[in-house]
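A.B. asks: Under the UniProt record's numbering, the residues of the sequence shown are numbered 1 to 186, in order.
Pasting a structure here, questions to come.
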Amino acid sequence: MKQTSTGHGGGREVQLAPHELIVTKTDPTGHITYANRVFMRIAGYAEHQLLGQPHKLIRHPDMPRGAYRLMWQTLQAGHEFFALVKNATIDGNYYWVLANVTPDYDLKGKLQGYYSVRRPPSRAAIAAIEPIYAEMRKIEAAHGKAAAPDASRDWLLALLEEKGCSYQDFILELNADVLKAKGVAG
Numbered sequence: 001m002k003q004t005s006t007g008h009g010g011g012r013e014v015q016l017a018p019h020e021l022i023v024t025k026t027d028p029t030g031h032i033t034y035a036n037r038v039f040m041r042i043a044g045y046a047e048h049q050l051l052g053q054p055h056k057l058i059r060h061p062d063m064p065r066g067a068y069r070l071m072w073q074t075l076q077a078g079h080e081f082f083a084l085v086k087n088a089t090i091d092g093n094y095y096w097v098l099a100n101v102t103p104d105y106d107l108k109g110k111l112q113g114y115y116s117v118r119r120p121p122s123r124a125a126i127a128a129i130e131p132i133y134a135e136m137r138k139i140e141a142a143h144g145k146a147a148a149p150d151a152s153r154d155w156l157l158a159l160l161e162e163k164g165c166s167y168q169d170f171i172l173e174l175n176a177d178v179l180k181a182k183g184v185a186g
C-alpha cells in the first residue's frame, strides 16, 4: 500500500500494491457478508464495522450515480460488471480500483448476492475516466435527484456508442496492460 498526495481535494490517494486484490461478497441487496483483510486495511474499517453494512459505505462523492445505475442494471440482467471506481476510506482518503462484480448464484440458480474482486487499475485508465466521471457529475447536478442517475448513464452510453464500444469493453481496454501483466486477459 502506498499513499500519495494529489492536487484533488478530499484526502490522499491510497494505492494498492500491484499484487493486492480486494475481495468482498454481499447479499442480494448489497450488504457486505465478507471482506478480505486487504479491503479492511485499505479502507480502514474493522470487520465488525463492515459486515451487514451496505457496500456503498465506501462510496466516494466523486463517483457519479449513473455509473452505479449502469452497474446494477448489468448485474440484475445476470451479467458481470467491470468498472473503474474511486472509493473512500474511513479517514477521508481515497483509492481507485478496477472492479469486477459478478452475480453469485446457488446450485438452483437463485441469486445469493454478489462477489467482487478489485485490483489496482492503470494510471492511464484513471486519467482517462476522471474527466468522464466529472462530466457525469455535472449532468447529475443539472437534473433532479430522481432523474440524475439515468441522465448521466445515458450520456455515458451515448459517448461510448460514438466510440463504438460498451462500458465494459472501454474499461477493459483502458486496463489492458495491467490485465495482461496479471495474466487476466489473453
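We put the beta carbon where it would ideally sit given N, CA and C, even for glycine.
Keep in mind that this is a model prediction, so the values were computed, not measured.
Which same chain residues, not among the five before or five after asparagine 175, have their C-beta less than 6 Å away from its C-beta?
C.D. replies: The residue labelled residue 175 in the question sits at position 175 within the sequence shown. The residues are Leu98, Pro121, Ser122, Ala125.
A.B. asks: Three or more C-beta pairs closer than 8 Å, one from the segment 33-47 and one from the segment 16-24: is that the case here?
C.D. replies: Short answer: they touch.
A.B. asks: According to DSSP, what are the bridge partners of histidine 31?
C.D. replies: Within the sequence shown, numbered from 1, the residue matching residue 31 stands at position 31. Note: histidine 31 sits in a beta bridge opposite Pro54.
A.B. asks: So, with DSSP's three-state summary, where would you put tyrosine 45?
C.D. replies: For the purposes of this step, residue 45 is identified with residue 45 of the sequence shown, where counting begins at 1. Tyrosine 45 falls in the coil class under three-state DSSP.
A.B. asks: What first and last residue would you give for the beta strand (DSSP E) that runs through glycine 11?
C.D. replies: Position 11 of the sequence shown, counting from 1, holds the residue named residue 11. That residue, glycine 11, is in no beta strand (DSSP E); it is neither H nor E in DSSP.
A.B. asks: Report the residue from Met63, Glu13, Ala43, Thr29 whose alpha carbon sits nearest the alpha carbon of glutamate 140.
C.D. replies: As a working mapping, residue 140 is identified with position 140 in the sequence shown. Nearest option by C-alpha distance: Met63.
A.B. asks: With burial defined as no fewer than 16 other Cβ atoms inside 10 Å of the residue's Cβ, what is the status of leucine 50: buried or exposed?
C.D. replies: Stepping through the sequence shown from its first residue, residue 50 is reached at position 50. The residue is buried, with at least 16 neighbouring Cβ atoms inside 10 Å.
A.B. asks: Helix, strand or coil: how does DSSP classify leucine 174 here?
C.D. replies: Taking the first residue of the sequence shown as 1, we reach residue 174 at position 174. Correct three-state label for leucine 174: helix.
A.B. asks: Among Ala128, Arg65, Gly11, whose alpha-carbon lies nearest the alpha-carbon of arginine 137?
C.D. replies: Numbered from its first residue, the sequence shown carries residue 137 at position 137. Among Ala128, Arg65, Gly11, the Cα nearest to that of arginine 137 is on Arg65.
A.B. asks: Could you check the C-alpha separation between aspartate 177 and histidine 19 for me, to the nearest Å?
C.D. replies: As a first step, residue 177 must be located in the sequence shown, where it is residue number 177. As a first step, residue 19 must be located in the sequence shown, where it is residue number 19. So the alpha carbons of these two residues sit roughly 14 Å apart.
A.B. asks: Between arginine 69 and the rest of its own chain, which residues show a CB-CB distance below 7 Å, the 5 nearest in sequence each way excluded?
C.D. replies: Along the sequence shown, read from residue 1 onward, the residue named residue 69 stands at position 69. Pro149, Asp150, Arg153.
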